[in-house]
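Following: one structure in structure tokens, then a few remarks.
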Amino acid sequence: RSPVFSHLNATVLGLATVRSFGAECLLGAEFDRHQDLHSAAWYLFISCSRAFGYFLDSISLTGIFQWGMRQSAEMENQMTSVERVIEYTKLPNEPALRSSPDKKPPANWPPEGFIHFDDLSLKYTPDGNYVLHKLQLEVLPQEKIGIVGRTGAGKSSIIQALFRLAYLEGTISIDGIDVSTIGLHDLREKISIIPQLLRALQNVELQSEDEGTERQLVCLARAIVHNDRILVLDEATANVDAQTDALIQTAIRVHFEHLERLSIGNILQILVLDAGRLMEYDHPHILLQNKKGYFRRMVGETGTTMARGLHKLAAQNCSK
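Following full-length UniProt numbering, the numbering of the sequence shown begins with 1 at its first residue and continues without gaps.
Okay, structure coming up:
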């Protein structure tokens, strides 16, 4: 701009001289040259500024794209949560926790503890495979039942069926009352259970062995206080020390002798399961007489010494 302004100032100040010499055309041409130079420089400045701004914006696009990808991933994560919430809203409702007034069992129910499994089948999901198949079984009052079988045979599934923790087909009745007609709390409050807590706690590294044993004893104490007619033992003496084992066994014999017991362990009557089907059900001594029986085969797989001891123990128990 300086050459243009200088030329204009000089022309205005010497306007009389320019006219007297007739130099208007000459000064006009000089002004055009200054103006062209100014326009060229200004155009170059504008072009470079725009190009520099374009490249700066291009560089910043990577940050914008990165932000967009983060927001897209965050939206995807949030949509997963939304889908999970929607899926939860579509889950079938759990049965009522309390019985309706017209179907509420008596306060002293069950008075005897007679359990009847009628054509019972169980599966853990509506579209899953059956883990129990058409189980027909009667457990008499004060009867002690031991449930045995290999891993996956369905031992714990019977307990889950009794507590209505899975999808059931068929019926389970206790003292003539179908358990599917009463509330979950009304049913579960009448059945005591001593679970195998220690192994589960160790699997999740939640508690030490001593604390797991103490929790198992707490369950035993609760069962004694409740004094329910039905007691379920899920390997209550497994993975505990000898002193605790003796304590639990003594407490069971003293406090629960009059009760009916379903146990995954050693008891009087033996229920043998295989792949969710009832294979054998009788006194262990009688089952051991069947040379081709499932129970005898399982006992034989424990080793010669152990099998001989179990045969002897079963015979002694049968003669009592």
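C-beta atoms are modelled at their ideal positions from N, C-alpha and C, and glycine is treated no differently. In this text the structure is predicted, and so the values were computed from the model without any measurement.
Helix, strand or coil at residue i [DSSP, three-state]
i, result
"L162", "helix"
"V4", "helix"
"I182", "coil"
"Q35", "helix"
"H311", "helix"
"T305", "helix"
"R296", "helix"
"R277", "strand"
"Q269", "strand"
"S20", "helix"
Own chain partners of residue i with C-beta closer than 6 Å, once the 5 adjacent residues on each side are dropped
i, result
"H7", "F31, H34"
"V85", "none"
Residue i versus the options, residue with shortest Cα-Cα distance
i, options, result
"D127", "Y167, E112, D119", "Y167"
"E280", "L137, I174, E143, K144", "L137"
"Y124", "P105, P141, G22, R164", "R164"
"I172", "H116, A16, A96", "H116"
"L135", "Q289, L271, V232, C318", "L271"
"S2", "H38, G22, G14, F45", "H38"
"F114", "I191, S20, A10", "I191"
Beta-carbon contacts of residue i that lie in its chain and below 7 Å, excluding the five residues immediately before and after
i, result
"E76", "none"
"I103", "First, the amino acid is wrong: residue 103 is Lys here, not Ile. For K103, where only same-chain residues beyond five positions count, the Cβ hits under 7 Å are T181, I182."
"R188", "F163"
"H133", "S121, G276, R277"
"S47", "none"
"V18", "T11, E24, L27"
Presumed contact (8 Å Cβ cut-off) between residue i and residue j, rounded CB distance
i, j, result
"G154", "V179", "Not really, about 18 Å apart at Cβ, beyond 8 Å."
"D175", "R98", "Actually they do not touch by this definition, with Cβ atoms about 19 Å apart."
"P110", "R277", "In fact, because the Cβ distance is near 27 Å, the residues do not count as touching under 8 Å."
"G170", "L120", "4 Å"
"H285", "A315", "5 Å"
"L273", "G149", "4 Å"
"I177", "P105", "6 Å"
"L122", "A161", "5 Å"
"V139", "I145", "6 Å"
Residues near residue i in its chain [Cβ-Cβ closer than 8 Å; skip 5 each side]
i, result
"P95", "R164, S180, G183, L184"
"C318", "H283, P284, H285, I286"
heavy atom of the ligand NAP below 7 Å from residue i C-beta
i, result
"S156", "For the structure depicted, the ligand NAP is absent and the ligand set is empty, with no information on it obtainable."
| Any alpha helix (DSSP H) of 4 or more consecutive residues that is wholly inside the segment 42 to 108 | Scanning the segment 42 to 108 from its first residue to its last, no whole alpha helix (DSSP H) run of 4-plus residues comes out.
| query | Can you list the alpha helix (DSSP H) stretches of 4 or more residues lying completely in the segment 117 to 171, in chain order? | reply | Scanning the segment 117 to 171 for uninterrupted alpha helix (DSSP H) segments of 4 residues or longer gives 155 to 162, listed from N- to C-terminal end.
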